[in-house]
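Under UniProt numbering, the letters of the first sequence match residues 1 to 890, in that order.
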Amino acid sequence: MAPKVLMVAEKPSIALSIASVLSGAQMSTRRGSTEVHEFDAMFLGSRAHYKVTSVIGHVFSVDFPAAFQDWTTTNPSDLFQAPILKKETNPKAHICRHLSQEARGCTHLVLWLDCDREGENICFEVIECTGFHTSDGRRIYRARFSSVTEKDILKAMNSLAEPNRDEALSVDARQEIDLKVGVAFTRFQTSYFNGKYGNLDARVISYGPCQTPTLGFCVDRYLQITMFKPEKFWMLHPYIMYKGYELKLEWERSRLFDADVSAMFRNRIIEDGIMKVVRVSEKLESKARPSGLNTVNLLKVASSALGFGPQLTMQLAERLYTQGFISYPRTESTAYPSSFDFKGTLGALVHNPVFGGYAQKLLTESYNKPRAGTDAGDHPPITPMHSASEDSLGNDAWKLYQYICQHFLGTLSPDCKYRRIKVEFESGGEQFQCVGQLATVKGFTSIMPWLAISEKNLPEFAVGEKIEISKVELDEGNTSPPDYLSESELISLMEKHGIGTDASISVHINNICERNYVQVLLYALISNSSCCRLSSLLLSVMVQAGRRLAPTPLGISLIRGYQCIDSDLCLPDIRSFIEHQITLVAKGQADHSMVVQHVLEQFRRKFSYFVKQIDNMDALFEAQFSPLSDSGRLLSKCGKCLRYMKYISTQPARLYCGTCEEVYYVPQKGTVKLYKELTCPLDNFELLLCSLPGPEGKSFPLCPYCFNCPPFEGIDAFFGAPKTGDSTKLGKGVGMPCFLCPHTTCPHSVIAQGVCACPECSGTLVLDPVSAPKWRLYCNMCNCLVSLPEGAHRISTTQDKCPECDSTIIEVDFNKKTTPLKDGATLHKGCILCDELLHSLVEMKHGRSFSRHGRRGRGSGRGRGRGRGGYRGRGRGSNKQDPKMSFRDF
DNA sequence: GCAAGGTC
1 MAPKVLMVAE KPSIALSIAS VLSGAQMSTR RGSTEVHEFD AMFLGSRAHY KVTSVIGHVF
61 SVDFPAAFQD WTTTNPSDLF QAPILKKETN PKAHICRHLS QEARGCTHLV LWLDCDREGE
121 NICFEVIECT GFHTSDGRRI YRARFSSVTE KDILKAMNSL AEPNRDEALS VDARQEIDLK
181 VGVAFTRFQT SYFNGKYGNL DARVISYGPC QTPTLGFCVD RYLQITMFKP EKFWMLHPYI
241 MYKGYELKLE WERSRLFDAD VSAMFRNRII EDGIMKVVRV SEKLESKARP SGLNTVNLLK
301 VASSALGFGP QLTMQLAERL YTQGFISYPR TESTAYPSSF DFKGTLGALV HNPVFGGYAQ
361 KLLTESYNKP RAGTDAGDHP PITPMHSASE DSLGNDAWKL YQYICQHFLG TLSPDCKYRR
421 IKVEFESGGE QFQCVGQLAT VKGFTSIMPW LAISEKNLPE FAVGEKIEIS KVELDEGNTS
481 PPDYLSESEL ISLMEKHGIG TDASISVHIN NICERNYVQV LLYALISNSS CCRLSSLLLS
541 VMVQAGRRLA PTPLGISLIR GYQCIDSDLC LPDIRSFIEH QITLVAKGQA DHSMVVQHVL
601 EQFRRKFSYF VKQIDNMDAL FEAQFSPLSD SGRLLSKCGK CLRYMKYIST QPARLYCGTC
661 EEVYYVPQKG TVKLYKELTC PLDNFELLLC SLPGPEGKSF PLCPYCFNCP PFEGIDAFFG
721 APKTGDSTKL GKGVGMPCFL CPHTTCPHSV IAQGVCACPE CSGTLVLDPV SAPKWRLYCN
781 MCNCLVSLPE GAHRISTTQD KCPECDSTII EVDFNKKTTP LKDGATLHKG CILCDELLHS
841 LVEMKHGRSF SRHGRRGRGS GRGRGRGRGG YRGRGRGSNK QDPKMSFRDF
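Below, the structure is given as structure tokens:
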């Protein structure tokens, strides 16, 4: 039987390329979770049937088991020893099922994942999904390729190897370390500070070995600025008039910090009165054309010249890529493969209305190969693939595309050549100079005009000439602090220190912005280039805004806090330390679990020390933020002390009881207000009415205490919880509103307010108590919405049930003028499913159908009463005093 | 509500 070969790539585009090459473009393609390309060709000397498909990045990601997901009952320090599990990154994509199905009947598996550690790790994810075992006679091969070209693909096919388990394990190690360290610190500091201050305005106060050093760079610069002490300085500038030019000469000493000494030199020059030409030199200089464009450089230019943040830039680039206008935008490489088809790429641009002429000129007058760059073995530099116009792309995407084209054309253009003339003078024993520049070959700067050299003409001087000084200026200045860190500088720092990757740098920067640790300041930039012969469109690219990152009080307090307690925590070395440790695993020099244990133990000690020393960070917060007791407005009464609690509206929204010193989180979306001063029969807390945003937002009552500490077990879907039915995932702000409460006599519970089963899911349709006059039912689990007769004075549930379908009988008090009842009667009782009148008046707003078919009971009896109590609050544990440890000790 | 890494 002919062998069947399954090949798996990291993304659909690579699967397509591989299949095209190996089949000679003679393949059939069918849809699946990802596309599958099939064809027959030779494999290891015999005729074989091929299936080529792909994953979409990692198939799995790590997380904690359900038992460790509850913030209130899990001590963060226990996370270091907690088990972890791998779950599908995107369950909806069904990648695992897809691979398993495609692998059925296959005798050989060839892994075409990207050739880096992450790719090696994904190899083993794929192996797991396919169920291939080396023991069952089926063979597993690893294809190693450095680019997705025909030559490299064929070369890889002829030298199939084995996947590298050590490299894959090093990624497993990083995942576990990042997860445990990040989540432990994040949960601890979030709970600590949000439980103490009311105006942090931060839903989560996160920590991570990439994001925190990223923030650290921004705060470092901020601290430099605040510590800066300006100094006065003086600069001597003599002027001469010569052959019609007025020239301002530069002093060799540049500037002096002493007023008297500067004045003395000034007097000497004035006394001399003559400038003597001592040397005239001319040099031919050159400014090199760029090498290929990689992601980091694209992000930097986009931020400093286009005013686009990294997040936006990557979104735009992704779109340009999927539409076929540019090549793959996530790459470290600045070198093109030797086989790259520059002619073809230029050819693709010749009809472009903006660049066509320039591209044509390069084609006809010959082009230079791009300057050598670095080949990271991933993807070629970012290159235009297709011509596009502004109309077809939209403004922002066009600006980015335009830059990518300009850069590409620049790489193929000649270097810029210019003459640099330096004239040196002497007067009063002091040296001066002036410099002129003249371009001889503009080269790439004619397509990238913002990089052009500034030209300056000088008259011809002869050595020994003496020229009268027309005036002498002594300019006074102040040294000035640096500006806030520009995003472009930050990207350079991250790259230099190995913080993040080409694909994740933008995510880390976006994180520290979204979490309110830094604020983006937009600076207008004016291009100083006026020598552009091309359309003004090109020039306008560079006249946008630059972005700088100013840390917020929260960001500053965090970093200064780490610096007080353990500066390792916010230094970039923390990433290199982890990288160094896992590299030992990747190289097979250390055992995976030993390394993980060792690194986690160090971080556990650091964590423990941090917890003990948190007062030092807290002192900074105290100086900056208001305690909960001073925040918010009085809203509702606490059931324990019967005093009013304060509602704090900044994120995360919560109630604070100053007497009990307790915090109760409320739903984070929508608004809350007091609900008719009604109280919960279980705990005496006053009920709140929460209204979700939007015209069709639900309104529902909730008890603050029950919402945070649900009193009944077995509630199968907490409000706001993921729909995966993971009922133990019960973080703060994810709890039990009254519409999920199975209390049998409380008038607000699902027992009293529930009407019938939801036709869409396993939930219950509940009467919205404040929806008049547009009365409606909504599902307590999904977004199903049913409108009831409009304009009724009152609609309420009764204690009666429909004998036919077990739904709750409702009572409607119609408006006198619009009542559909005979003889102007207004009161009507019935089942909304079985009563013909009522059923004809209800309407399904969201959901497919609404009828008696397929309905169930209203789900009573769910949940069982349980006493209050149990574990509350975060245990601090009884850790021994652990010394702070430095990585450098290991 | 948490990390960082793939990719869409």
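By construction, the Cβ of each residue, glycine as well, lies at the ideal position given by its N, Cα and C atoms.
**Straight-line gap, W71 to V663 (C-alpha atoms, nearest Å)** = If you number the first sequence from 1, residue 71 lands on position 71. If you number the first sequence from 1, residue 663 lands on position 663. When rounded, the distance between both Cα atoms is 14 Å.
**Message:** Quick check on S691: does DSSP put it in helix, strand or coil?
**Reply:** Taking the first residue of the first sequence as 1, we reach residue 691 at position 691. If DSSP states are grouped into helix, strand and coil, S691 belongs with the strands.
**Asked** Do you know whose CA, among G244, K155, M241, W234, lies nearest E252's CA?
**Response** Numbered from its first residue, the first sequence carries residue 252 at position 252. Of the candidates G244, K155, M241, W234, the one whose C-alpha sits nearest the C-alpha of E252 is W234.
**Prompt:** To which residues does DSSP link S787 through a beta bridge?
**Reply:** Taking the first sequence and counting its residues from 1, one reaches residue 787 at position 787. Looking at the DSSP assignment, S787 forms a beta bridge with R776, E843.
**Message:** For the pair the region 400-407 and the region 164-182, tell me if three or more CB-CB distances fall below 8 Å.
**Reply:** no
**Prompt:** Where does S427 land, buried or exposed, given buried means 16+ other C-beta within 10 angstroms?
**Reply:** Here the question's residue 427 lines up with position 427 in the first sequence. S427 is buried by the Cβ-count criterion.
**Prompt:** Taking one C-beta from the region 209-222 and one from the region 495-509 each time, how about it: are there three or more such pairs within less than 8 Å?
**Reply:** yes
**Prompt:** Alpha carbon to alpha carbon, what distance is there between D768 and I751?
**Reply:** For the purposes of this step, residue 751 is identified with residue 751 of the first sequence, where counting begins at 1. For the purposes of this step, residue 768 is identified with residue 768 of the first sequence, where counting begins at 1. Cα-Cα distance, rounded: 14 Å.
**Item:** One or two residues paired with C831 in a DSSP bridge
**Value:** Sequence index remark: in the first sequence, residue 831 carries index 831 (1-based). Paired residue(s): none; C831 is not in a bridge.
**Message:** Here's a check: name, in chain order, each residue in its chain whose Cβ is nearer than 7 Å to the Cβ of A372, leaving out the five neighbours to either side.
**Reply:** For the purposes of this step, residue 372 is taken as the residue at position 372 of the first sequence. Residues of the same chain with a CB within less than 7 Å of the CB of A372, apart from the 5 flanking positions on each side, are S291, A335 in chain order.
**Prompt:** What span of residues does the alpha helix (DSSP H) with residue 895 cover, start to end?
**Reply:** Residue 895 cannot be examined here, being either before or after the span of the chain that is shown, 1 to 890.
**Prompt:** Looking at the structure shown, is G436 part of a helix, part of a strand, or coil, going by DSSP?
**Reply:** Translated into positions along the first sequence, residue 436 becomes position 436. Of the three classes helix, strand and coil, the one that applies to G436 here is strand, per DSSP.
**Counted within 10 angstroms of its Cβ, other Cβ atoms place Q402 as buried (16 or more) or exposed** = Position 402 of the first sequence, counted from the first residue, corresponds to residue 402. Counting Cβ neighbours within 10 Å, Q402 comes out buried, since at least 16 surround it.
**Prompt:** Between G429 and R268, which are expected to be in contact by the criterion C-beta below 8 Å, what is the C-beta distance as a whole number of angstroms?
**Reply:** Residue numbering aside, residue 429 sits at position 429 when the first sequence is read from its first letter. Residue numbering aside, residue 268 sits at position 268 when the first sequence is read from its first letter. The distance from the Cβ of G429 to that of R268 is about 7 Å, consistent with a contact at the 8 Å cut-off.
**Asked** Helix, strand or coil for M157 per DSSP?
**Response** Numbered from 1 along the first sequence, position 157 holds the residue referred to as residue 157. It is helical.
**Request:** Confirm, please, whether the CB-CB distance from W775 to P789 is below 8 Å.
**Result:** As a first step, residue 789 must be located in the first sequence, where it is residue number 789. As a first step, residue 775 must be located in the first sequence, where it is residue number 775. Contact: yes.
**Prompt:** By Cβ distance, which residues of its chain are closer than 6 Å to L247, with the 5 residues on each side in sequence left out?
**Reply:** Taking the first sequence and counting its residues from 1, the one referred to as residue 247 is at position 247. So the list reads I240, C434, once near-sequence residues are dropped.
**Prompt:** In chain order, what residues of the same chain have a beta carbon less than 8 Å from the beta carbon of E271, not counting five sequence neighbours either side?
**Reply:** For the purposes of this step, residue 271 is identified with residue 271 of the first sequence, where counting begins at 1. Cβ contact annotation for E271 (same chain, cutoff 8 Å, sequence separation greater than five): G428, in chain order.
**Request:** Would you check if the region 411-422 and the region 384-395 touch, i.e. whether three or more CB-CB distances between them fall below 8 Å?
**Result:** no
**Prompt:** Taking the Cβ atom as the reference point for each residue, do G324 and S626 lie within a distance shorter than 8 Å?
**Reply:** Here residue 324 refers to the residue found at position 324 of the first sequence. Here residue 626 refers to the residue found at position 626 of the first sequence. No, the pair does not count as a contact, with Cβ atoms beyond the cut-off.
**Asked** Just the Cα atoms here: how many angstroms apart are I274 and C513?
**Response** Position 274 of the first sequence holds residue 274. Position 513 of the first sequence holds residue 513. Taking the straight line from one Cα to the other gives about 58 Å.
**Asked** Nearest CA to the CA of S636: which residue from L674, A653, M494?
**Response** Here residue 636 refers to the residue found at position 636 when the first sequence is read from its first residue. Cα-wise, what sits closest to S636 is L674.
**Prompt:** Taking the C-alpha atoms as reference points, what is the distance between G377 and P329?
**Reply:** Locating residue 377 in the first sequence gives position 377, where the first residue counts as 1. Locating residue 329 in the first sequence gives position 329, where the first residue counts as 1. A straight line joining the alpha-carbon of G377 with that of P329 spans about 14 Å.
**Item:** Beta carbon of residue 963 nearer than 8 Å to that of A156
**Value:** Residue 963 lies beyond the range of the chain shown here (1 to 890); nothing can be said about it.
**Message:** Output needed for N616: all residues of its chain with C-beta closer than 6 Å, excluding positions within five of it in sequence on either side, in chain order.
**Reply:** As a position in the first sequence, residue 616 is number 616, starting the count at 1. Within the same chain, N616 has close Cβ partners C564, I565.
**Message:** Please report the distance separating the alpha-carbon of P337 from that of H37.
**Reply:** For the purposes of this step, residue 337 is taken as the residue at position 337 of the first sequence. For the purposes of this step, residue 37 is taken as the residue at position 37 of the first sequence. Cα to Cα, P337 sits roughly 26 Å from H37.
**Request:** For the region 114-185, list the beta strand (DSSP E) runs that are entirely contained and at least 3 residues long, ordered along the chain.
**Result:** 139-142
**Item:** Span separating the alpha-carbon of T73 from that of G824
**Value:** Against the first sequence, residue 73 aligns to sequence position 73. Against the first sequence, residue 824 aligns to sequence position 824. Approximately 58 Å between the Cα atoms of the pair.
**Asked** Buried or exposed: which applies to F257, given that a residue is buried once 16 or more other Cβ atoms fall within 10 Å of its Cβ?
**Response** Against the first sequence, residue 257 aligns to sequence position 257. It is exposed - the Cβ of F257 has fewer than 16 other Cβ atoms within 10 Å.
**Asked** Does the Cβ-Cβ distance between P380 and S159 come in under 8 Å?
**Response** By one-based count along the first sequence, residue 380 stands at place 380. By one-based count along the first sequence, residue 159 stands at place 159. In this structure, S159 does not lie closer than 8 Å to P380 by Cβ.
**Prompt:** Is I225 closer than 8 Å to P482 when the C-beta atoms are compared?
**Reply:** Residue numbering aside, residue 482 sits at position 482 when the first sequence is read from its first letter. Residue numbering aside, residue 225 sits at position 225 when the first sequence is read from its first letter. Yes; because the gap between Cβ atoms is below 8 Å, this pair is in contact.
**Message:** Going by DSSP in three states, R868 sits in which element: helix, strand or coil?
**Reply:** Indexing the first sequence from 1 puts residue 868 at position 868. Caution is warranted here: a pLDDT of 32 is assigned to R868, below 50, making its placement in the model unreliable, and the coordinate value is therefore given only provisionally. Coil at R868, not helix or strand.
**Asked** Using a Cβ-Cβ cut-off of 6 Å (strictly less than) and excluding sequence neighbours within five positions of Y562, which residues of its own chain qualify?
**Response** Within the first sequence, the letter at position 562 stands for residue 562. These residues qualify, in order along the chain: L569, C570.
**Closest Cα partner of I810 within the set K816, C802, K817** = Start at 1 with the first residue of the first sequence, and residue 810 comes out as number 810. For I810, the nearest C-alpha among the options comes from C802.
**Message:** Under DSSP, the beta strand (DSSP E) around residue 895 begins and ends at which residues?
**Reply:** The structure shown has nothing for residue 895, since the chain only spans 1 to 890.
**Asked** Buried or exposed: where does M314 fall if 16 or more other Cβ atoms within 10 Å of its Cβ makes it buried?
**Response** Indexing the first sequence from 1 puts residue 314 at position 314. Buried is the call here.
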